[in-house]
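First the structure, in the form of structure tokens, and then the observations on it.
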Amino acid sequence: MPTALHAPKTAFVTGASSGIGKAAALALARAGYRVVGTSRKVDSGEVRDGIRMIACDVTSDASVVAQWPPRTPNSVASNCW
Ligand SMILES: NC(=O)c1ccc[n+]([C@@H]2O[C@H](COP(=O)([O-])OP(=O)(O)OC[C@H]3O[C@@H](n4cnc5c(N)ncnc54)[C@H](OP(=O)(O)O)[C@@H]3O)[C@@H](O)[C@H]2O)c1
476 MPTALHAPKT
486 AFVTGASSGI
496 GKAAALALAR
506 AGYRVVGTSR
516 KVDSGEVRDG
526 IRMIACDVTS
536 DASVVAQWPP
546 RTPNSVASNC
556 W
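Heads up: the sequence shown begins at 476 in the working numbering, then just goes up one per residue.
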């Protein structure tokens, strides 16, 4: 039975469409994390280079509340916008 120790690790990366955020998202994916990345200019659910993207504007409380995924025991967040 899966335990928290063996649960898939999830990483949530803001600003994952370019620059530092994209590099961080790709590095985390290579390290075995299931990565969710954000951009203002994607369709939620779109997959880019193996990263599942969601549309989110971090300057909008409503957008963040609507999109921020539930935390899991092994999750990490990286803000790169
Ligand atoms: N590059 C460097 O050497 C460096 C060094 C030190 C610090 N920084 C800082 O690190 C951050 C990222 O730099 P970068 O060079 O990687 O920039 P970048 O290539 O322009 O990437 C910015 C990322 O942030 C996203 N973004 C911008 N505004 C957003 C918003 N309101 N809501 C959600 N996402 C937003 C963009 O996504 P969309 O446009 O697709 O929405 C894009 O994915 C900046 O704050 C920069 O000042 C950069």
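All C-beta atoms, glycine included, are put in the ideal place defined by N, C-alpha and C.
These figures come from a predicted structure and were not determined experimentally.
With fewer than 16 other Cβ atoms inside 10 Å of its own Cβ, I495 counts as exposed. With contacts defined by Cβ atoms closer than 8 Å, A504 and V551 do not form a contacting pair.
For K484, the CB stays at least 7 Å from every heavy atom of ligand 1. For the 8 Å CB-CB criterion, G512 and V488 form a contact. Under a 10 Å Cβ-count criterion, S493 is classified as exposed, with fewer than 16 other Cβ atoms of the shown protein chains found around its own Cβ.
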